[in-house]
């Protein structure tokens, strides 16, 4: 028998608009999931969205024979005004994302590990220098802000050879542009159109011009290099797709530059959440540091081989992603078919329209009590090798799904590990505010991502003898 999908009561036309905190959309979704269960639906301004929040349903809607990435959401449509059919915003049927993906993917693959890790370690060393300020005294450091700046600086340097001290507030005003544009992307679809026209008509258009102008400057700088660094931007400008032989025109190169800069900010969330959990659990931090000291000793060089030996740190990152994925959900939709009927879920228990947008809510999926015992507790041991391998596929979706899986996963994990290695080798860390309560709202965070807001720490330089 087909069951009705639960839903909160709403108002005519407005639907469930008032069930959402505009500054904490993901938190609002999680509260509704806690109340209405592993599947529910909402309506807002005439649009319906189905949300799934357990491992079994997540695995079902991630079946690529039945479902595909959905970018019909209003925010995606606003993003497409800026970057069109780029990697993150392309429809499945658009060939452009496949062409760009095949040209770009060597620069986030194992074949480029040696160069990338060397450059990531340079970036992390700049963070260490900033946190010591030439002193061996404890420093109060702003983790949320510094990680956002570090990840942006790293992406600009490694992918485009743009060497700016973003950590120190120098270079193009990209952080401010990211913040303002991301909030406009989120809020623009939810405003009455007349209000956008009256008060915000030119705001987003100017932000797009600023982004594209900055990307054009990157291209001009690349063309002036002699010889050019063989990086992602060089490939986008000069390489041919190995499958079709096509190249990427300059407007699409600009699209991909903006996409890589924007999406790199998810890594800031992962690093910041990791440091938050380590400071909240000093016994875990001690085990991570011991593993780092054992693997590296006095050898400063980080390699792919040495990273592969950090099993406990790897488990810490997986557990951090489980509890606090920086990109806390993704959208799918049924693949169009000639079948005229609705799509059935959970073995026929639920019925959804064949063009229905479905949100995989990771904050609920990753806390499924059927899979994770004591799901609110931070326990890296559950993510160690054998335990992790036994988890069902629906419990490992924090980087998305299938062919549209997170393009920069390797870059994100390597940057996170390198930063944590360098920070924990050089500093003892503790919360600046022992009573800090985790919040993921705040204007200093890119709007559609999650990261601990206003997280400060005391960074006390370690004595050389303690880790030599």
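Numbering (the working numbering), first residue to last: 571 to 1038.
Just so you know, even glycine gets a beta-carbon here, dropped at the ideal spot from N, CA and C.
{"Item": "For residue 677, which residues of its own chain have a beta-carbon under 6 Å away from its beta-carbon, when the five flanking residues on both sides are left out?", "Value": "802"}
{"Item": "Taking Cβ positions, are residue 653 and residue 862 nearer each other than 9 Å?", "Value": "no"}
{"Item": "Alpha carbon to alpha carbon, what distance is there between residue 1033 and residue 854?", "Value": "20 Å"}
{"Item": "Between the alpha carbons of residue 596 and residue 966, how many angstroms are there, rounded?", "Value": "19 Å"}
{"Item": "Evaluate the contact criterion for the segment 627 to 639 versus the segment 916 to 933: three or more CB pairs, one atom per stretch, below 8 Å.", "Value": "yes"}
{"Item": "For the alpha helix (DSSP H) holding residue 669, just list the boundary residues, first then last.", "Value": "666 to 674"}
{"Item": "For residue 889 and residue 728, I'd like the C-alpha separation in whole angstroms.", "Value": "27 Å"}
{"Item": "Cβ of residue 831 within 9 Å of Cβ of residue 726?", "Value": "yes"}
{"Item": "On the CB-based measure, 16 or more other CB atoms within 10 Å of its CB, does residue 956 come out buried or exposed?", "Value": "exposed"}
{"Item": "List, from N- to C-terminal side, the alpha helix (DSSP H) runs of 4 residues or more that fit wholly inside the segment 869 to 908.", "Value": "874 to 877 and 881 to 893"}
{"Item": "Report, in whole angstroms, the separation of the C-beta atoms of residue 587 and residue 614, which I expect to be a contact under 8 Å.", "Value": "5 Å"}
{"Item": "Let me check one thing: in DSSP terms, what residues is residue 614 bridge-paired to?", "Value": "617"}
{"Item": "Measuring straight from C-alpha to C-alpha, what distance separates residue 571 and residue 611?", "Value": "19 Å"}
{"Item": "Please report how far the alpha carbon of residue 646 lies from the alpha carbon of residue 822, in whole angstroms.", "Value": "17 Å"}
{"Item": "Looking only at its chain, what residues have a beta carbon closer than 7 Å to the beta carbon of residue 932, apart from the 5 residues adjacent to it on each side?", "Value": "895, 898, 899, 967 and 968"}
{"Item": "Would you list, in sequence order, the uninterrupted alpha helix (DSSP H) runs of no fewer than 4 residues that lie entirely inside the segment 669 to 748?", "Value": "683 to 702 and 713 to 730"}
{"Item": "Residues in its own chain within less than 7 Å of residue 786 by CB, not counting five upstream and five downstream?", "Value": "824"}
{"Item": "For residue 944, count neighbouring C-beta atoms within 10 Å of its own C-beta (all shown protein chains included) and say buried if the count is 16 or more, exposed if not.", "Value": "exposed"}
{"Item": "Assuming residue 902 and residue 930 are in contact, meaning their beta carbons sit under 8 Å apart, how far apart are those beta carbons, in whole angstroms?", "Value": "7 Å"}
{"Item": "Please identify the residue among 790, 964, 707 and 799 whose C-alpha is closest to the C-alpha of residue 940.", "Value": "964"}
{"Item": "Beta strand (DSSP E) containing residue 920: first to last residue?", "Value": "920 to 922"}
{"Item": "At the level of alpha carbons, what is the spacing between residue 675 and residue 949?", "Value": "33 Å"}
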